[in-house]
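So the structure is just underneath, and the comments pick up after that.
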Amino acid sequence: MPGRRKDNSDACGIAQFPVDEDEPEVTITVSTRRNGASPIIQNVNGARGFPRSAGDDSVRIVVRDGEVVITVRTSSTDDGIARPLVRIEPEIGESAPSRRRSRGRALLPVPFVGFTTVAADKMGQGYGNFTLRADLAESYATVHAEVKALGGVLTSSGALRSLKEPATPGRSKTSLHYTGRAIDLFINTGMQGALDRYMVTRSGGTDSNPEWKLYCVAIAPLVNDPLYQAELIEEGELDCAIWEKGTGYATVRRRATYFCLTDLLAAQGWLPIPARKDWKTNYLSCEWWHFQHHTGLVTGRSRFGDELLQVWSAELVRASGLMLDAVWAGRSFRAPARAVAVRSPNLSLERSARTTKRRPKESARPAQQQRKRRRARPGKAAN
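Quick note on numbering: the sequence shown equals residues 5 to 387 in our numbering.
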C-alpha cells in the first residue's frame, strides 16, 4: 500500500515530492481561522514544466469552504526532473499580524546559486574587482573581454549590497543590488568633464526620469584580439551630458574615437535604468552607471524573497527587513497589490452621498420669531 503523509497548517503550506519511495503521496490541508473564508492559491508550479505526465504523477487541488486540500502523487521520485513546489498564500483581507506570520513561512526552497568575484578596471577610487551573482559572471566576463579588445575600460563602484545595510531614499528595499543582479560603473568616470573615459548622452525618458546611453573612449584597441570588431568603433562628435546641480546637466560637444558600451552590455543581458526623480539636485540619483540583469525573472510571478534565497542564507533573508513579498514588475520589484474586502458594494457610495449632500440653509425667520415670542411673555417687573 502506498504510504501517505499529511500536513496541516494555518493559511499557509509548502509541499515537495517525497524523497522516500515508501511515501509517494503528500496531502496538505490549509485551513483558515474564520468560517466561510477560503485561502487564495497563488500558484502551483515547479521547475522544468511541472506538472507533466510521468507515470502516475499528478496534483489534485480541492477548494472547500474554509480550506484548500492539495494532494501531490508520484510513482517515480528519481527520474531526473526537479521536485515541484506548491505555494499557498494567505487569504486576502486577513489581519496584518497574520500576514507577517504567513509571509515568513511562505519562503520556498530554491536552487542556491551563490556569489563570485570578477575583475574590473580600477580608476581613481573605483574598485579593481567586485562580487555578483555566480551564474551572471560569464555574461559580465564576456563584456569585459570585448571592452578590453576595443580599447576601453569597465570600471566599478561595486555591485553587491549587504542585507545588513539599511534602506535609504537611495537604497530601495527591493534593490537588485541585494540579489547580485546589478552592477555600478565607477560614478566619477562620466558626467564630470571633457576628459571623462565615459561619454554620457541623453537617450530618452522624461524630464523627471531621463534615460542615458553610454559611450566609452577607445584608446589603443587590441586589433589582433579575436574579440576585436572594427565596425563597433566610431570616430566623431557627441553631445555629452555634464552634471550641474539644480539644472541637471549642461551639454558639451566632444570629438573622440569611441564605441557604445550600453549596446555591448545589453547584448549580454545587462540593461540600464532611468534616473531617479531627484537627479537634478542629487548626483547619486543620475544612475547612468547602473546596469542590471533580468534573466530568469518572470513578470508578476518572481518574488524578491525567492531571489534573495538563491544567494543568501534563509536566516539572513528573514532577518533582513526587506520587502520579501515584492513581485517582479518588468524593471523592478514592487509591492504586491492587496485587495480589500467590502461587505456591501453600495455602502461606501451611500455614505459618500450622505456626507456630500448639501444641507439646506436654515431660514433665519424662525429664530427671529422665537426671540419675539420670548419678549412678549409676561415676566416680573423690574425693581
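No residue lacks a Cβ here, since even glycine has one placed at the ideal position from N, Cα and C.
Keep in mind it's a predicted model, so treat the numbers as computed, not measured.
Check, Outcome
"Three-state class that DSSP yields for Tyr287 in the structure shown", "helix"
"Same chain, Cβ closer than 6 Å to Val114, neighbours up to 5 away in sequence not counted", "Asp310, Leu313 and Gln314"
"Cβ-based neighbour list, Ala224, same chain, cut-off 8 Å, excluding 5 preceding and 5 following", "Gly155"
"Per-residue DSSP class, three states only, for Tyr182", "helix"
"Paired residues, beta bridge with His294 - DSSP", "Asp188"
"Backbone secondary structure at Gly309 - three-state DSSP", "helix"
"CA-to-CA distance, Ser179 to Phe116, given in whole angstroms", "19 Å"
"Close beta carbons around Thr255, own chain, < 8 Å, minus the five adjacent residues each side", "Asp243, Cys244, Ala245 and Ile246"
"Cut-off 6 Å between Cβ atoms - residues of its own chain near Leu265, not counting five sequence neighbours on either side", "Leu218 and Cys220"
"Own chain partners of Thr159 with C-beta closer than 7 Å, once the 5 adjacent residues on each side are dropped", "Ala124, Asp125, Met127, Gly130, Leu189, Phe190 and Thr193"
"Length of the line joining the Cα atoms of Ile389 and His148", "What is shown of the chain runs 5 to 387, which leaves residue 389 out entirely."
"Ala198, DSSP secondary structure in three states", "coil"
"Spatial neighbours of Trp274 in its chain, beta-carbon cut-off 8 Å, leaving aside the 5 residues before and after", "Ser143, Tyr144, Val147, Ile187, Phe295, Gln296 and His297"
"C-beta contact flag for Ala249 and Thr210 at 8 Å", "Per the sequence presented here, residue 249 reads as Lys, with Ala not at that position. For Lys249 and Thr210, no; Cβs fall outside 8 Å."
"Nearest-angstrom Cα separation, counted from Val321 out to Ile237", "44 Å"
"DSSP state of Val48 mapped onto helix, strand, coil", "Its pLDDT being 40, under 50, Val48 is placed unreliably in this model, and the coordinates cannot settle the point."
"Selection from Glu150, Asn133, Gly162 and Phe134 that minimises the alpha carbon distance to Leu226", "Glu150"
"Any alpha helix (DSSP H) of 4 or more consecutive residues that is wholly inside the segment 212-277", "265-271"
"Ala123 in three-state terms, based on DSSP", "strand"
"DSSP-derived helix/strand/coil call for Val151", "helix"
"Leu353 - DSSP class collapsed to helix/strand/coil", "Caution applies to Leu353, whose pLDDT of 36 falls short of 50 and renders its modelled position unreliable; the value that the coordinates give is listed next. Note: Leu353 maps to helix in three-state DSSP."
"CB contact flag (Val204, Trp292, <8 Å)", "yes"
"Whole-angstrom distance between His181 and Arg258, CA atom to CA atom", "33 Å"
"Cutoff 6 Å; reference Arg107; Cβ partners in own chain excluding five residues on either side", "Because the pLDDT at Arg107 is just 43, under 50, the model does not fix this residue reliably, and the point stays unresolved."
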